[in-house]
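Residue numbers (this note's numbering): 204 to 305.
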């Protein structure tokens, strides 16, 4: 199986002015709802930074190919435009790793 056919984890850190954090979380939630309907989406978890300036998105996609196709979807592009109006972000794709539970 080619690497692009394996599941990938997206960890995306968003930075914004604290005045916009609630709005950012709302827009990220809307983005996750759009993504959930797209092929290859498995899950997304949003995290609000305790410092009030960051949010993180931890998402799992069936493949890097599915993730890349999502980034070009018209609804995703529109919502991302609204996010870019209030935040910067730094996405990275990862191979799934070990999970440790208590």
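Every residue, glycine too, gets a C-beta built ideally from N, C-alpha and C.
7 Å Cβ shell around residue 226 - same chain, five flanking residues per side excluded: 289.
What's the gap between the Cα of residue 233 and the Cα of residue 242? Taking the straight line from one Cα to the other gives about 17 Å.
Mind checking which residues open and close the beta strand (DSSP E) that includes residue 248? Unbroken beta strand (DSSP E) run through residue 248: 244-251.
Run through the DSSP bridge pairs and tell me what residue 260 is partnered with. BP columns for residue 260 point to 215, 249.
Output needed for residue 204: all residues of its chain with C-beta closer than 6 Å, excluding positions within five of it in sequence on either side, in chain order. Here the model assigns residue 204 a pLDDT of 39, short of 50, so the residue's position is not dependable and the matter cannot be decided.
Coil, strand or helix - residue 241 by DSSP: Annotated three-state conformation of residue 241 is coil, per DSSP.
Could you tell me if residue 267 is buried or exposed, where buried requires 16 or more neighbouring beta carbons within 10 angstroms of its beta carbon? Label assigned to residue 267: buried.
Can you tell me the Cα-Cα spacing of residue 291 and residue 219, whole angstroms? Cα-Cα distance, rounded: 7 Å.
Return the CA-CA distance between residue 212 and residue 271, expressed in angstroms with no decimal places. If I take the Cα positions, the gap works out to 12 Å.
CA-CA distance, residue 276 and residue 208? Going from the Cα of residue 276 to the Cα of residue 208 covers about 19 Å.
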